[in-house]
Amino acid sequence: MNGVRQFISHVKSGGTRLPGVVRISSMGREREFEAYELGADVFIFERSISSHLNERPSVLMVCTGRLNRRSRGRVMTISTGNHSVAALPLLDGRFWKISRLIPSRRGEVMMNGILCANVTDGVLEISQRDVSTADLVAFDRWLVEDLGLGMDGVVMLDRNEATLEHYRKLGQEWRVKPLAWTENEMQVALASSRKRISSKIEYFHSSRGVHFLTYPAFIKFISLAETSPGDFVAGLRELTGVFEGSSRSFVRTPKYRGHHEVDFFGIRRGVAIEKLVPELESLMEAIALGRLGQLGVIQKARALAQIYESLLTRPEFADASSKVFTETLYMHLTGEIYAVAGDGSTPAFDDRRTALPGATFVNGRPVMHPGSDERSEVLLSNLRGMLSKDEFIEYANVYEIREDENVPTGKGLTREVVYKTNMRPIESSLVEKGLASKRRGYAEYMLARIGALRSLGVTLSSYYRLLRRRPSTRSAPLDYYIRTRCEGEPLDSIPANWFRSSEDSSVEEAEVVKGVATLMGDAAAQNMAMKKFDQSKESPLFGVGKEIYEFEYDILKEQIVPKKVATCSIRGSFGWPDLSYTDENVNAMASFYFTHYTHALKAFCKAHTVPMAELAERFMSGFEFRTHAMAWQLSVMRDKFESFNPPVPSVYHFAERWKFVMWSLERQERRLPLLRKMFLEKVSAVECAEKIGSCKQAPSPTGE
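Counting from 1 along the sequence shown, just add 670 to a position and that's the residue number in the working numbering.
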């Protein structure tokens, strides 16, 4: 049953009906409201609101003391239309004289004291806006614990840092709405944000209360001038009319960051007010005064559509099926557009994480959340089993690492738990991942490769533990492992400001860029030694987010500098298909791997100002350093490495592959001068090809 619908029924059946009905004229409609008292709280519902719960009705919540100092308890309103429908009569006292506010204080209470929300698919989605985190948390506790809506019945829309931190410390980050990761998820979010006010115009309602009117929706509205003139006039009046209790129309009422109550998506802020809004108002005036006939209205309406289209900053904003349209509108609705515009931040690895229901820890014991699955429960149980005596978990959040757009949330291969214990000052992290294969013995094959490569000096995670769980009594057991998360960021997620001078952010620090290139060479040497190869993609899996780069603060240089790189992922290791001990095979491997390394380094070079030749030198320095280190480790531990014979099923050919890895590592070190020459030649070829391509694309001086 719809959670909010059930809640409304509970209030009506268990509360005391206040006498009378309040009738409000709002946006050209007569609305009736009824109120119920439940303890010290008052609930005000628009009549028949239960029939409109699929229209994203507006919800207001406020402590009664903010409206009347002598009162206690809370007030909740649920109404159709936008939030002002109930806000104005609530603040001016028309709702059962609950409010005693003087006019000069109503704006401040509306901004900082009233919490806004909408009902979406039976869930209460709260928009924090300018309300304090402390007040939001108090309202959430009231909704969940006192009113019984449940944790999964209340969601926080705004990703406010203080609010996020509060819910993280409860293990409830999943209750703060995650950002969409795929285009399909964005489209679902857009669909759930659709809202009408009182006409047939359809808006996209943002977490900040802005009603975005898009060009495609505007075209549908314009078509009403011909197909349904009455509905067209009603929509035009909704946009340009000044309604009861307001001093401005929706298209002129200021909202968040230069937007308006109704804002035209795809047009630069301020431009619509100058060039489109006056034309809308002029048409409304002409219709009201009877200056235009039906044909004239249609012609003017079509002209409005042309004006809107001419003002679009990108042509894709006219196409609702465009990826640019979807992504940009989604960023406006969630507020992410302001974060990106503010600091130019680079999407971090953490943006790929989606929080899942887990548990709140009370005195070290987990209280599982509604919606948490057995996989998360087992993960948290294993985590508790790893702790020392007298150590307990204070809080933990379970995440899914999004890797495949086609896999729904909660069904992915990889999860992560970030936790804090009473014995650790900062959070720790473990990654849980299902094995890539369900074949018998694959778990042993994976552990054997990890043990061999780590002993060789490959920088994999410091801790691995293989586990088994059975999802149900009827299903086969599933093997998976947990490991420590490698500290740092994938190459593409390193914050841009880490490459900048601490004294002048407009200047790039060349040594930092070169330092990362050195670590790329380090990672490449490990990649080649591991013989990483994905047969389906014919890829060494290098430069695709599997290498994690860690930075540190250099006290002497007074800036953040590259520290080390970890390969982290075992996937694809021992994968080179040809195990023959021939020069032809060695040459083929070198050409294959260094071709991919060259392209990865070139992609990195394009994002920075350091010349490719300088980066290539540093890359090879890192490659040579790590190759020498691994070869030395092999030489001093050769007897133990050669006698290593783990119980891995013969189908995986571990012994043959391990022997080949050792043999080819020796060749990798012996051939370093040749590898350097080959790499620099490939770099030169890539640079030359780019210059030739630039010359072909450049126009001739004569313009021919």
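Ideal Cβ positions, reconstructed from N, Cα and C, are used throughout, including at glycine.
Worksheet item: Is Q1229 helix, strand or coil when you go by DSSP?
Response: Strand at Q1229.
Practice prompt. Pick out the complete alpha helix (DSSP H) segments inside the segment 738-790, 4 residues or longer, and give them in chain order.
Written response: DSSP runs (the alpha helix (DSSP H)) wholly in the segment 738-790: 754-761 and 773-782.
Worksheet item: Does the separation of the CB atoms of V1235 and D1192 fall below 7 Å?
Response: V1235 places its beta carbon less than 7 Å from that of D1192.
Discussion item. Assuming I784 and L860 are in contact, meaning their beta carbons sit under 8 Å apart, how far apart are those beta carbons, in whole angstroms?
Written reply: Not really, about 26 Å apart at Cβ, beyond 8 Å.
Worksheet entry | Exposed unless 16 or more other CB atoms sit within 10 angstroms - verdict on S991 | Exposed: under 16 other Cβ atoms inside 10 Å.
Worksheet entry | Residue closest to A1286, alpha-carbon to alpha-carbon, out of Q1303, T1265 and A1301 | Closest by alpha carbon: T1265.
Worksheet entry | Of the residues P1232, D805 and L817, the one placed nearest T833, counting alpha carbons only | The shortest CA-to-CA distance from T833 to any of P1232, D805 and L817 is the one to D805.
Practice prompt. Let me know the secondary structure DSSP gives C1238 once reduced to three states.
Written response: DSSP places C1238 in strand when its eight states are reduced to three.
Worksheet item: Is it a yes or a no for the segment 917-936 touching the segment 959-971, going by three-plus beta-carbon pairs under 8 Å?
Response: Flag = no, the segment 917-936 and the segment 959-971 do not touch.
Discussion item. DSSP three-state label for K1202, please.
Written reply: In the structure shown, K1202 sits in coil (DSSP, three-state: anything other than H, G, I, E or B).
Worksheet item: Given a threshold of 16 other Cβ atoms within 10 Å of its Cβ, counted over all protein chains shown, does Q842 qualify as buried or as exposed?
Response: A residue is called buried once 16 or more other Cβ atoms fall within 10 Å of its Cβ, and Q842 is buried on that count.
Worksheet item: Taking the C-alpha atoms as reference points, what is the distance between T1091 and E1097?
Response: About 8 Å.
Discussion item. Spatial neighbours of G673 within its chain, please: C-beta separation below 7 Å, excluding the five flanking residues on both sides.
Written reply: Same-chain partners within the cutoff: G792, V793, L819, G820 and G823.
Worksheet item: For K1184, which three-state DSSP category applies?
Response: If DSSP states are grouped into helix, strand and coil, K1184 belongs with the helices.
Discussion item. Buried or exposed for T615, going by 16 or more other Cβ atoms inside 10 Å?
Written reply: Past the edges of the chain, shown from 671 to 1374, lies residue 615, and the structure says nothing about it.
Practice prompt. Counting only the same chain and skipping the five closest in sequence on each side, list residues whose C-beta sits under 8 Å from that of S1131.
Written response: Spatial neighbours of S1131 in its own chain (CB-CB distance under 8 Å, excluding positions within 5 residues in sequence) are listed in chain order as V1101, R1153, T1154, R1155, C1156, A1236 and C1238.
Worksheet entry | 7 Å Cβ shell around F995 - same chain, five flanking residues per side excluded | If we look at F995 and ignore the five residues flanking it on each side, its Cβ neighbours are E986, F987 and D989.
Worksheet item: So what does DSSP say about Y1000, is it helix, strand or coil?
Response: The three-state reading of DSSP puts Y1000 in helix, counting H, G and I together.
Worksheet item: Hey, out of A710, T750 and R866, whose CA is closest to C733's CA?
Response: Proximity to C733 across A710, T750 and R866 peaks at A710, based on C-alpha coordinates.
Worksheet item: Run through DSSP, which three-state label would H1323 get?
Response: Note: H1323 maps to coil in three-state DSSP.
Worksheet item: If you run the structure through DSSP and keep just helix, strand and coil, what is I694?
Response: If DSSP states are grouped into helix, strand and coil, I694 belongs with the strands.
Worksheet item: Which partner residues does K1090 have in the DSSP bridge list?
Response: The partner list for K1090 (beta bridge, DSSP) reads Y1065.
Worksheet entry | Rounded separation between T686 and E707 - CA only | A direct Cα-Cα distance of roughly 5 Å separates T686 from E707.
Fill in: Same chain only: Cβ atoms within 8 Å of D800, ignoring 5 sequence neighbours per side
Close CB contacts of D800 within its chain, under the 8 Å cut and outside five residues either way in sequence, are with M781 and N782 (chain order).
Discussion item. Quick check on S952 - is its C-beta less than 7 Å from some C-beta in chain C?
Written reply: The chain inventory of the structure shown lacks chain C, comprising one protein chain alone.
Practice prompt. Given a cut-off of 7 Å, decide if H722 and T747 are closer than it, judged by their beta-carbon atoms.
Written response: No, they are not a contact pair.
Worksheet entry | Coil, strand or helix - D816 by DSSP | Of the three classes helix, strand and coil, the one that applies to D816 here is helix, per DSSP.
Practice prompt. Taking A705 as part of the alpha helix (DSSP H), name the residues at either end of that continuous run.
Written response: In the DSSP assignment, A705 falls outside any alpha helix (DSSP H) and lies within the beta strand (DSSP E) extending over R699 to L708.
Item to complete: Let me know the secondary structure DSSP gives P1160 once reduced to three states.
Response: Residue state, collapsed to three classes: strand.
Worksheet item: V712 and F703: beta carbons closer than 7 Å?
Response: No, the pair does not count as a contact, with Cβ atoms beyond the cut-off.
Item to complete: Starting from the Cα of R1139, find the closest Cα among Y1069, M1190, E1047 and S1305 and give me that residue.
Response: Taking only the C-alpha atoms, the option nearest R1139 is E1047.
Worksheet item: Excluding the five sequence neighbours on either side, which residues of its own chain have a C-beta within less than 6 Å of the C-beta of L953, listed in chain order?
Response: Excluding positions up to five away in sequence, the list reads K970.
Practice prompt. With a 10 Å radius around its C-beta and 16 neighbouring C-beta atoms as the bar for buried, classify A1011 as buried or exposed.
Written response: Low local confidence applies: a pLDDT of 42 at A1011 is under 50, so the model's placement there is unreliable, with the coordinate-based value given in what follows. So A1011 ends up on the exposed side.
Item to complete: Going by CA-CA distance only, name the one from V1032, G1292 and Y978 that's closest to A942.
Response: Considering only alpha carbons, the answer is Y978.
Worksheet item: Taking the DSSP output, what are the residues bridged to H930?
Response: Note: H930 sits in a beta bridge opposite P924.
Item to complete: Counting only the same chain and skipping the five closest in sequence on each side, list residues whose C-beta sits under 7 Å from that of D1013.
Response: With a pLDDT of only 38 at D1013, under 50, the local geometry of the prediction cannot be trusted, and the value read off the model is given with reservation. Closer than 7 Å at Cβ, skipping near neighbours: no residue.
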